Amino acid sequence: MLIKENAEGKSITGTQECVRKTIKLIFGKISTMKRTPVIDKSPLYKAYVLLGASDPRGLSDRYLEEDQKIVTSRISDYHDRKLITNKVKNILERIDTHTLSSDERHERRLIMWLWYHHAISYAVWGYKDKRRAQKYSSLALKYQPKNHPDQITRLLYLLVRDRFPEAERWGKTIKMRPEKTTALRLLKFYNERGFFV
1 MLIKENAEGK SITGTQECVR KTIKLIFGKI STMKRTPVID KSPLYKAYVL LGASDPRGLS
61 DRYLEEDQKI VTSRISDYHD RKLITNKVKN ILERIDTHTL SSDERHERRL IMWLWYHHAI
121 SYAVWGYKDK RRAQKYSSLA LKYQPKNHPD QITRLLYLLV RDRFPEAERW GKTIKMRPEK
181 TTALRLLKFY NERGFFV
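Per UniProt numbering, numbering of the sequence shown is gapless, rising by one per residue and ending at 197.
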């Protein structure tokens, strides 16, 4: 029988159904999770382990936490292979969605939308890469679930294609804050300076 240690240093048997597993996350943080037969067999297993999640909703929630750390620290870069968000996106992108449960498909779609949504901004302000911004905005809209409340993705889609009059009309339909404020800032910035100058 295989003997392992949990995060607290206590011995546990490797044959127990709920094995405590320690996962090293970005920035050297340690998280623990319970392995369950469901995630062990999931095609998303690597993403579950990487984020320390034990179910589809937890996967999405943990991804959002990591995403917000990166966004608020302003270290977002879609070329940086060390960023946990990029690692997760690469795992999810390679998975055949037909092999996922409906909950996993839904949460995967949300994660992919969010990754591409933020990648548009980095393509615009980080690299001034119009071609990539256009590609990422198309993919963000593809992944954005119907009835999702975000309206900025579509606004960015229009602006990176220089469709300013249409973007202005779309901006006027955005009523809720903070999106209204974001939309007004984006439209003003684009109108005064353009995105790729």
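Using N, Cα and C, we set each Cβ at its ideal position, and we do this for glycine too.
Small disclaimer: the values here were computed from a predicted structure and weren't measured.
Per-residue DSSP class, three states only, for residue i
{"i": "residue 43", "result": "coil"}
{"i": "residue 25", "result": "For residue 25, the pLDDT reaches just 35, beneath the cut-off of 50, and the residue's location in the model is therefore unreliable, leaving the point undetermined."}
{"i": "residue 151", "result": "coil"}
{"i": "residue 87", "result": "helix"}
{"i": "residue 174", "result": "coil"}
{"i": "residue 108", "result": "helix"}
{"i": "residue 189", "result": "helix"}
{"i": "residue 196", "result": "coil"}
{"i": "residue 169", "result": "helix"}
Residue from the options whose Cα sits closest to the Cα of residue i
{"i": "residue 112", "options": "165, 145, 39 and 160", "result": "145"}
{"i": "residue 152", "options": "130, 116 and 79", "result": "116"}
{"i": "residue 100", "options": "136, 69, 187 and 47", "result": "47"}
{"i": "residue 128", "options": "44, 65 and 197", "result": "197"}
{"i": "residue 45", "options": "158, 87 and 139", "result": "87"}
{"i": "residue 68", "options": "90, 170, 85 and 191", "result": "85"}
{"i": "residue 39", "options": "104, 134 and 61", "result": "104"}
{"i": "residue 150", "options": "170, 166 and 98", "result": "170"}
{"i": "residue 102", "options": "163, 43 and 192", "result": "43"}
{"i": "residue 213", "options": "71, 148, 133 and 138", "result": "For residue 213 there is no data in the structure shown, the boundaries of the chain being 1 and 197."}
{"i": "residue 190", "options": "177, 160 and 176", "result": "160"}
{"i": "residue 114", "options": "177, 97 and 139", "result": "139"}
{"i": "residue 118", "options": "58, 72 and 97", "result": "72"}
Span separating the alpha-carbon of residue i from that of residue j
{"i": "residue 174", "j": "residue 180", "result": "5 Å"}
{"i": "residue 121", "j": "residue 41", "result": "35 Å"}
{"i": "residue 194", "j": "residue 187", "result": "9 Å"}
{"i": "residue 75", "j": "residue 93", "result": "22 Å"}
{"i": "residue 77", "j": "residue 125", "result": "11 Å"}
{"i": "residue 158", "j": "residue 50", "result": "34 Å"}
{"i": "residue 63", "j": "residue 156", "result": "22 Å"}
{"i": "residue 55", "j": "residue 154", "result": "30 Å"}
{"i": "residue 166", "j": "residue 172", "result": "10 Å"}
{"i": "residue 60", "j": "residue 108", "result": "7 Å"}
{"i": "residue 142", "j": "residue 163", "result": "19 Å"}
{"i": "residue 83", "j": "residue 192", "result": "33 Å"}
{"i": "residue 134", "j": "residue 52", "result": "33 Å"}
{"i": "residue 183", "j": "residue 80", "result": "28 Å"}
{"i": "residue 178", "j": "residue 57", "result": "24 Å"}
{"i": "residue 132", "j": "residue 123", "result": "6 Å"}
Neighbour flag for residue i against chain C, beta carbons, 7 Å
{"i": "residue 188", "result": "Within the model displayed, chain C is absent; a lone protein chain is all it includes."}
**OP:** Jot down the residue ranges of each uninterrupted alpha helix (DSSP H) in the region 48-103, minimum 4 residues, whole runs only, in chain order.
**Re:** The region 48-103 contains these whole alpha helix (DSSP H) runs: 56-73 and 84-93.
**OP:** Only counting runs of 4 or more residues, tell me where the alpha helix (DSSP H) segments fall wholly within the region 125-149, in order along the chain.
**Re:** Whole alpha helix (DSSP H) segments, 4+ residues: 130-143.
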